[in-house]
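J.: In my numbering, the protein residues as written are 6 to 329.
Beta carbons are placed, not taken as given, at the ideal position from N, Cα and C, and that holds for glycine.
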Amino acid sequence: MRAWMLRKDQNGEFSCQLEALDQSQLGDEGVLVDVAYSTINYKDGLAMMNLSPVVRTWPMIAGIDFAGTIAEGPNAGQAVVVNGHGMGETRMGALASQARVPADWLITIPQPLEPLHAMAIGTAGYTAMLCVHVLEDQGLTPDKGPILVTGATGGVGSFATLLLAKKGFEVWASTGKASEADFLKGLGASQIIDRSELSEKGRPLGKERWAGAVDSVGSHTLANALAQTQYGGSIAACGLAQGFDLPATVMPFILRGVSLVGVDSVQAPREKRLRAWQSLAELLTPAEIEAMVELRPMSQALKAAEDIMANSYKGRVVIDIKAD
Ligand code: NDP
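Spelled out as structure tokens, the structure:
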């Protein structure tokens with residue numbers, strides 16, 4: 006098998022290389038899966054470029070999500086997807102021809118989706134779905150008002166835009182890429198907001214502009230999103246693309262009853278995962294997903310990681326594990 010290995014030598018020197026490995030290095034616990042596809046998330050970019058301490062155990066196979074088929078046992082051939090659970094951080098990761106994971110991590114890919122679709126959705130789409138479920142569980146419905154999506158051309162943001170629009174919400178997409186307005190409108194956004202409107206220090210409370218938000222950006226952007234959320238609204242916060250700080254005041258909470266709900270995809274319980282994947286299969290068609298995908302061969306995974314950190318692509322990059 007081959008895998009993207011992240012290593013630190015005795016001098017603390019970091020390396021990230023595509024290596025040939027013996028399958029025994031995966032250990033013998035858990036279910037063996039033939040990985041067909043992985044993807045490159047922001048966290049993969051951080052790990053593969055050693056930009057933040059994502060990896061906790063060395064050496065480590067990179068990659069936080071994969072889709073493939075069970076390789077052995079009574080369920081051999083079943084199409085499965087795995088996200089998070091510390092893969093690529095504390096557990097051997099996904100950018101490898103094979104992976105061994107506990108049985109209860111495996112989510113059967115709901116029809117009509119196939120492994121390519123599941124990885125095109127990937128952690129980003131699945132996290133976006135978790136965020137949409139949070140807003141709905143908070144009581145938001147399309148008639149309550151528009152929903153802001155920040156980091157809209159990113160993996161989470163583009164799926165949040167598409168999923169919310171499919172559910173009938175009016176989506177306001179905040180982006181730093183004015184040139185991608187047509188892409189965002191194609192996903193279903195009805196208004197495009199220049200992210201500079203939200204990314205600088207703002208007032209504790211502003212005009213009430215949206216009923217809720219999916220925020221993958223954090224920092225001033227999240228503070229401003231809160232300050233402009235209408236009475237009783239809710240924000241699902243899942244990311245830190247601008248920063249992990251939250252320079253906000255309590256005013257939106259105590260004067261407008263605004264709720265801020267955190268979303269974690271890594272340790273999300275199985276029921277939430279099953280609900281998210283089922284909703285994704287119901288809302289998205291295979292053709293729609295295929296239109297969002299850029300397929301790259303295994304050898305290009307590091308380049309894709311560099312690209313995501315340079316913020317130089319939109320939508321989804323899927324790594325074809327078997328392609329050179
Ligand atoms: P991407 O890099 O694909 O998207 C991030 C987007 O944020 C960019 O496309 C850009 O969108 C915007 N952005 C980038 N830099 C800045 C900046 N300095 N200020 C404001 N906006 C910026 O990443 P993902 O969508 O994969 O992930 C987004 C975030 O969500 C990350 O922080 C990631 O760690 C987090 N995440 C968290 C998960 C969880 O479980 N909680 C799961 C998955 C992701 P645009 O150009 O359109 O403005």
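Please classify residue 234: is it buried, with 16 or more other beta-carbons within 10 angstroms of its beta-carbon, or exposed?
T.: The residue given as residue 234 occupies position 229 in the sequence shown. Classification of residue 234: buried, given that the 10 Å Cβ count is 16 or more.
J.: Given a cut-off of 8 Å on the beta-carbon distance, is the pair residue 1 and residue 207 in contact?
T.: Given a span of 6 to 329 for the chain in the structure shown, any question on residue 1 remains unanswerable.
J.: CB residue 145 to CB residue 166, shorter than 8 Å?
T.: For the purposes of this step, residue 145 is identified with residue 140 of the sequence shown, where counting begins at 1. For the purposes of this step, residue 166 is identified with residue 161 of the sequence shown, where counting begins at 1. Against a cut-off of 8 Å, the Cβ pair of residue 166 and residue 145 comes out as no contact.
J.: With distance defined between alpha-carbon atoms, name the residue in 176, 230, 195 nearest to residue 201.
T.: As a working mapping, residue 201 is identified with position 196 in the sequence shown. Nearest of 176, 230, 195 to residue 201, Cα basis: 230.
J.: Taking the Cβ atom as the reference point for each residue, do residue 224 and residue 251 lie within a distance shorter than 8 Å?
T.: By 1-based counting over the sequence shown, the position of residue 224 is 219. By 1-based counting over the sequence shown, the position of residue 251 is 246. Yes, the Cβ-Cβ distance between residue 224 and residue 251 is below 8 Å.
J.: Going by C-alpha to C-alpha distance, which of 317, 73, 97 sits closest to residue 356?
T.: The question about residue 356 has no answer, for the chain in this structure spans 6 to 329.
J.: Taking 7 Å as the cut-off, is the C-beta of residue 91 nearer than that to any heavy atom in the ligand NDP?
T.: Reading the sequence shown from its first residue, position 86 is the one you call residue 91. Incorrect: residue 91 has no Cβ contact closer than 7 Å to the ligand NDP.
J.: Would you say the beta carbon of residue 245 is closer than 7 Å to some non-hydrogen atom of the ligand NDP?
T.: The sequence position of residue 245 within the sequence shown is 240, counting from 1. Yes, since a heavy atom of the ligand NDP falls inside the 7 Å radius drawn around the Cβ of residue 245.
J.: If we define contact as Cβ-Cβ less than 8 Å, is residue 153 a contact residue for chain C?
T.: The chain inventory of the structure shown lacks chain C, comprising one protein chain alone.
J.: Can we say the region 290-310 touches the region 263-278, given the rule of at least three CB pairs closer than 8 Å?
T.: Taking 8 Å as the limit for Cβ pairs, the verdict is that the region 263-278 does not touch the region 290-310.
J.: Could you say which of 205, 6, 34, 290 lies nearest to residue 253 if we only look at CA atoms?
T.: Working through the sequence shown from its first residue, we reach residue 253 at position 248. For the residues 205, 6, 34, 290, the minimum Cα distance to residue 253 belongs to 205.
J.: Helix, strand or coil, according to DSSP, for residue 321 in the structure here?
T.: Numbered from 1 along the sequence shown, position 316 holds the residue referred to as residue 321. Strand.
J.: Measure the C-alpha to C-alpha separation of residue 193 and residue 289 and round it to an integer number of angstroms.
T.: Within the sequence shown, numbered from 1, the residue matching residue 193 stands at position 188. Within the sequence shown, numbered from 1, the residue matching residue 289 stands at position 284. Their backbone Cα atoms lie some 13 Å apart in a straight line.
J.: Would you kindly check if the distance between the Cβ of residue 140 and the Cβ of residue 126 is under 8 Å?
T.: As a position in the sequence shown, residue 126 is number 121, starting the count at 1. As a position in the sequence shown, residue 140 is number 135, starting the count at 1. Not closer than 8 Å, so no.
J.: Can you say whether residue 48 is buried or exposed, counting buried as having 16 or more other CB atoms within 10 angstroms of its CB?
T.: Position 43 of the sequence shown, counting from 1, holds the residue named residue 48. Classification of residue 48: buried, given that the 10 Å Cβ count is 16 or more.
J.: Looking at C-alpha atoms only, which residue of 170, 265, 143 is the closest neighbour of residue 232?
T.: On the sequence shown, residue 232 is found 227 positions in, with the first residue counted as 1. Per the Cα distances, 265.
J.: Which one or two residues does DSSP pair with residue 47 in a beta bridge?
T.: Residue 47 sits at position 42 when you count from the first residue of the sequence shown. Paired residue(s): none; residue 47 is not in a bridge.
J.: For the beta strand (DSSP E) that residue 20 lies in, which residues bound it at each end?
T.: On the sequence shown, position 15 is the one that residue 20 refers to. It spans 19-25 - the beta strand (DSSP E) in which residue 20 sits, taken as one unbroken run.
J.: Over what stretch of residues does the beta strand (DSSP E) that includes residue 204 continue unbroken?
T.: Numbered from 1 along the sequence shown, position 199 holds the residue referred to as residue 204. Residue 204 -> not in any beta strand (DSSP E); alpha helix (DSSP H) instead, spanning 201-204.
J.: Confirm the yes/no value for this check: CB of residue 313, any heavy atom of the ligand NDP, distance under 7 Å.
T.: Here residue 313 is taken as the residue at index 308 of the sequence shown, counted from 1. It does: the Cβ of residue 313 is within 7 Å (strictly closer) of some heavy atom of the ligand NDP.
J.: Note down, one range per segment and in chain order, each beta strand (DSSP E) of at least 3 residues found wholly within the region 203-247.
T.: Complete beta strand (DSSP E) runs here, min 3: 215-220, 234-242.
J.: Roughly how many whole angstroms lie between the Cα atoms of residue 305 and residue 324?
T.: Here residue 305 is taken as the residue at index 300 of the sequence shown, counted from 1. Here residue 324 is taken as the residue at index 319 of the sequence shown, counted from 1. Looking at the two C-alpha atoms, the distance is approximately 8 Å.
J.: Is residue 118 closer than 8 Å to residue 286 when the C-beta atoms are compared?
T.: Mapped onto the sequence shown, residue 286 falls at position 281. Mapped onto the sequence shown, residue 118 falls at position 113. Going by C-beta atoms, residue 286 is nearer than 8 Å to residue 118.
J.: Excluding the 5 residues preceding and the 5 following residue 326 in the sequence, name in chain order all residues of the same chain whose CB lies nearer than 7 Å to its CB.
T.: On the sequence shown, residue 326 is found 321 positions in, with the first residue counted as 1. Within the same chain, residue 326 has close Cβ partners 40, 41, 42, 43, 102, 303.
J.: Report the CB separation of residue 128 from residue 20 in whole angstroms; it is logged as a contact under 8 Å.
T.: Translated into positions along the sequence shown, residue 128 becomes position 123. Translated into positions along the sequence shown, residue 20 becomes position 15. Not really, about 24 Å apart at Cβ, beyond 8 Å.
J.: Are the region 6-23 and the region 59-69 in contact at 8 Å, needing three or more beta carbon pairs?
T.: Yes, since at least three Cβ pairs between the region 6-23 and the region 59-69 fall closer than 8 Å, the two stretches touch.
J.: Determine the direct distance from the alpha carbon of residue 113 to that of residue 73, and round the result to whole angstroms.
T.: Here the question's residue 73 lines up with position 68 in the sequence shown. Here the question's residue 113 lines up with position 108 in the sequence shown. Each residue's Cα considered, the two are about 10 Å apart.
J.: Return the CA-CA distance between residue 213 and residue 183, expressed in angstroms with no decimal places.
T.: On the sequence shown, position 208 is the one that residue 213 refers to. On the sequence shown, position 178 is the one that residue 183 refers to. Near 24 Å, if we compare the C-alpha coordinates of residue 183 and residue 213.
J.: Assuming contact is defined by CB atoms lying nearer than 8 Å, are residue 84 and residue 36 in contact in what I supplied?
T.: Within the sequence shown, residue 84 is the residue found at index 79, counting from 1. Within the sequence shown, residue 36 is the residue found at index 31, counting from 1. In this structure, residue 36 does not lie closer than 8 Å to residue 84 by Cβ.
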